[in-house]
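A.B. asks: Sharing a structure, written as structure tokens. Questions coming.
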Amino acid sequence: MDLIQNLELEILELREMLKNKEEDLREAKRNKFSKSYDNVIGTKSNINIGNIPKWAIERYSRQILLPDIGVMGQEKLMSSKVLIVGAGGLGCPASVYLAGAGIGEIGIVDYDTVDISNIHRQILHTESDWCKSKAKSAAESLRRINSNIKVTPYTIEFKPENAVQIASNYDLIIDCTDNVPTRYMLSDLSIITKVPLISGSALKMEGQLTIYGYRESRNEKSSGPCYRCLFPTPPPAAAVGSCSANGVAGPVPGAIGSLQALEAIKLLVGRNRENLLVGRMLIFDGEDMTFRTVKLRPKNPKCESCSDHATIKQLTNYEVLCKMQSKEKDLDLNILPQSHRISATELSKSLNTQRHLLIDVRSEAEYNMCHLEDSVNYPLEQLYGEKFDLLVENIKNNDNVIFICRRGNDSQIAADKILKVLPDAKIKDLSGGLHAWAEQVDRRFPIY
Amino acid sequence: MENSLNIHIHFGGGAELLFDKIKKHVVELPAARKYFPDTDIEKWRIKELLQWIKDNLLKERPELFLQGDSVRPGILVLINDADWELFGELEYELQNNDEITFISTLHGG
Ligand SMILES: [Zn+2]
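What follows is the structure in structure tokens.
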């Protein structure tokens, strides 16, 4: 075994030991604190510190000093339960501040594992958490920040089958997800379970934030709009971007996630709706550093989900509703017949003997980041009009055309588009895309 | 110019990608009667503005911005920073120096 492997193994063992010691320490502290708290109550004391223990005053003093929070507010925070859906770019900063603020119980849901490309923005995960469950990694970091709160990781996919049961145990849901179907599900879930939803989103240099399904108390009807009041119909899939395809600057979800935590704190301590982002949306553009708060429409009296005439009484299949996958990684298109596909290994052999026209259909930004030598860039999103005609001309004179993209989905869509106008074209699609190339042919090619 | 309007058009949330990646446009709309000569249209409403945007700013893939005679689902339309639903949506009559924002909702996180 080489030195690196040895050290990695050793560090892993030490970390495990450290984790156990930390758990022991937390347990010991919990016991001691609850006893000393009893002592104060037990002996007649002439110190008046309200209904929260001494350690809590000391620990949370900086926020208790705020008139917006105070001792009463702190008590509410300490008895509140918040569910954070998504332990990513938004969920990490949101949960850091909520753990710091002493929220009694934090649940954090994420089925995914930590990837090295997450770390620039998902601040609860470190290099040593690579491949670990995001929910567990986040929970461990949160416990390190505050050992006085209860943190429950849910390492499962949040689905219609389990969402209601989980969410019913919480006072507030924070939407830190990254896809359209889950956002529709969380809105319906918030109405069905009567738990308000603080919804944040971020992409590239922009972010958005608002509260859906707000109600004065659990027994009252919601008085603010829900997601469906604003967007009764889901957007077309072609118009939806993602962090992995379009990129995102780390501090953007950082800012939005932090503000989600602030709205959560305000809502839990009982600030009134005029002071909350109810019926208003915060729109942040990091490109020119503008924050705008815009006025939204009121609750739709005919809303399918939240009105008196609601027809949605239980969660449904949101991938069907939105005609989109919730997990980007699962998309595995099979548009082209086998005769029009080529594996990475075969392509690499073929490249040694023949000339090929390699057409990379990823975005310009992706192409500029890394591409195969001699490949040309025709982004799928620009394949119409003149650009499309140009490519068709180019392909007509070529016997060996290969379409390439990241995972082998977009390249099939592009190849299919060409085959519709040139049915006899000698076109093949690189099966599995550049990821397959990196795995089967050239490990030096970055997998992103 | 008689009856022309200065309008600020703002695209965001990715909608700007359909408009040469430019987020802020300041445009001068001619008198509605001149722009729509063979009709009885006399005023600029959002409805007419969408037609103007389609004719003048939107070069390709109109289906990612428009659907029927309105904007596609998932785009929030704001009139001077307030939801267009509060002002009659397509029927709102444009005023000089209005700011009309088309913002695509974000889903990433
Ligand atoms: Zn609604």
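Protein chains in written order, with the working numbering: chain A, 1 to 448; chain B, 1001 to 1109. Where is the CB? At the ideal position from N, CA and C, for every residue including glycine. Predicted model only: the values in this text are computed from it and were never measured.
#1: In three-state terms, what does DSSP make of Asn1006/B?
#2: Using 7 Å as the limit for Cβ to Cβ distance, is Lys19/A near chain B?
#3: Can Ser348/A be considered in contact with ligand 1, in the sense that its beta carbon sits closer than 6 Å to one or more heavy atoms?
#4: Going along the segment 150 to 179 of chain A in order, which residues come within less than 9 Å of chain B, judged by CB to CB distance?
#5: The beta strand (DSSP E) that contains Ala94/A, what's its start and end?
#6: By the three-class DSSP mapping on this structure, what secondary structure does Met281/A have?
#7: Mapping the DSSP letters down to three states, classify Tyr378/A as helix, strand or coil.
#8: Looking at the secondary structure, which residues open and close the alpha helix (DSSP H) in which Asp416/A lies?
#9: With respect to 6 Å, is the separation between the Cβ of Arg228/A and the closest non-hydrogen atom of ligand 2 below this value?
#10: In angstroms with no decimal places, state the Cα-to-Cα distance between Lys1033/B and Arg1072/B.
#11: If you run the structure through DSSP and keep just helix, strand and coil, what is His1025/B?
#12: Go to Asp360/A, then tell me how far its beta strand (DSSP E) extends in each direction, as first and last residue.
#13: Is it true that the CB of Ser343/A sits closer than 7 Å to the CB of Ser431/A?
#14: Here's a check: name, in chain order, each residue in its chain whose Cβ is nearer than 6 Å to the Cβ of Asn189/A, leaving out the five neighbours to either side.
#15: Looking only at C-alpha atoms, which of Thr1101/B, Ser1004/B, Gly1108/B and Leu1106/B sits nearest to Leu1050/B?
#16: Compute the Euclidean distance between the alpha carbons of Leu203/A and Glu1016/B, then round it to the nearest angstrom.
#17: With H, G and I counted as helix, E and B as strand and the rest as coil, what does DSSP make of Ser117/A?
#18: Could you give the uninterrupted runs of the alpha helix (DSSP H) lying entirely in the segment 54 to 86 of chain A, keeping only those of 4 residues or more?
#19: Taking only heavy atoms of ligand 1 into account, decide whether any of them is closer than 6 Å to the Cβ of Ser223/A.
#20: Measuring straight from C-alpha to C-alpha, what distance separates Ser128/A and Ile11/A?
#21: With respect to the beta strand (DSSP E) encompassing Glu206/A, which residues constitute its N-terminal and C-terminal limits?
#22: What did DSSP end up calling Glu1093/B once you bin it into helix, strand or coil?
#23: Shorter than 7 Å from the beta carbon of Tyr184/A to some beta carbon of chain B?
#24: Report yes or no: is there a C-beta of chain B within less than 7 Å of the C-beta of Gln314/A?
#25: Are three or more beta carbon pairs between the segment 248 to 264 of chain A and the segment 96 to 105 of chain A nearer than 8 Å?
#26: Would a check of beta-carbon distances place Leu1066/B closer than 7 Å to chain A?
#27: Ligand 1 and Asn305/A: does the residue's C-beta get closer than 6 Å to at least one heavy atom of that ligand?
#28: Please state the DSSP three-state secondary structure of Phe445/A.
#29: What residue range does the alpha helix (DSSP H) around Thr353/A cover?
#30: Please determine, among Ser326/A, Val421/A and Asp429/A, the residue with the shortest C-alpha to C-alpha distance to Arg183/A.
#31: List the whole-angstrom C-beta distance separating Ile108/A from Pro160/A, where the pair is believed to meet the contact cut-off of C-beta under 8 Å.
#32: Can you confirm whether the segment 212 to 225 of chain A touches the segment 264 to 276 of chain A when touching is taken to mean that 3 or more C-beta pairs between the two stretches lie within less than 8 Å?
#33: Can you name the residues of chain B whose CB is closer than 7 Å to the CB of Thr193/A?
#34: Who are the neighbours of Glu364/A on chain B, taking C-beta pairs under 8 Å?
#35: Give the straight-line distance between the Cα atoms of Arg121/A and Asp399/A, rounded to the nearest whole angstrom.
C.D. replies: Looking at the coordinates:
#1: Of the three classes helix, strand and coil, the one that applies to Asn1006/B here is strand, per DSSP.
#2: Not closer than 7 Å to any Cβ of chain B, the Cβ of Lys19/A fails to qualify, so no.
#3: no
#4: For chain B, the residues of the segment 150 to 179 of chain A that bring a beta carbon within less than 9 Å of one of its beta carbons are Asp175, Cys176, Thr177, Asp178 and Asn179, in chain order.
#5: Going by DSSP, Ala94/A is part of no beta strand (DSSP E) but of the alpha helix (DSSP H) stretching over Gly91 to Gly100.
#6: If DSSP states are grouped into helix, strand and coil, Met281/A belongs with the strands.
#7: coil
#8: Per DSSP, Asp416/A is one residue of the alpha helix (DSSP H) stretching across Asp410 to Val421.
#9: This structure simply doesn't include ligand 2; it includes ligand 1 instead.
#10: First, the residue type needs correcting, since residue 1033/B is Arg and not Lys in the sequence shown. Going from the Cα of Arg1033/B to the Cα of Arg1072/B covers about 27 Å.
#11: It is a strand residue.
#12: Leu357 to Asp360
#13: It is a contact, given that the beta carbons lie within the stated cut-off.
#14: The identity of residue 189/A in the sequence shown is Leu, whereas the question assumes Asn. Answer for Leu189/A: Ala163 and Ala167, listed in chain order.
#15: For the residues Thr1101/B, Ser1004/B, Gly1108/B and Leu1106/B, the minimum Cα distance to Leu1050/B belongs to Thr1101/B.
#16: 13 Å
#17: helix
#18: 54 to 64 and 70 to 78
#19: Incorrect: Ser223/A has no Cβ contact closer than 6 Å to ligand 1.
#20: 10 Å
#21: First-last of the beta strand (DSSP E) with Glu206/A: Glu206 to Tyr212.
#22: strand
#23: Tyr184/A does not count as touching chain B.
#24: Chain B contact via Cβ: absent.
#25: Contact between the segment 248 to 264 of chain A and the segment 96 to 105 of chain A is present, because at least three Cβ pairs lie under 8 Å.
#26: no
#27: The identity of residue 305/A in the sequence shown is Ser, whereas the question assumes Asn. Indeed, a heavy atom of ligand 1 lies less than 6 Å from the Cβ.
#28: coil
#29: Ala344 to Thr353
#30: Ser326/A
#31: Between Ile108/A and Pro160/A, the beta carbon gap of about 19 Å keeps them out of contact (Cβ cut-off 8 Å).
#32: When C-beta atoms of the segment 264 to 276 of chain A are compared with those of the segment 212 to 225 of chain A, three or more pairs fall below 8 Å, so the two segments count as touching.
#33: For Thr193/A, none of the residues of chain B pass the 7 Å Cβ criterion, the least Cβ distance being about 21 Å.
#34: Here the premise fails: no neighbours, minimum Cβ distance about 11 Å.
#35: 44 Å
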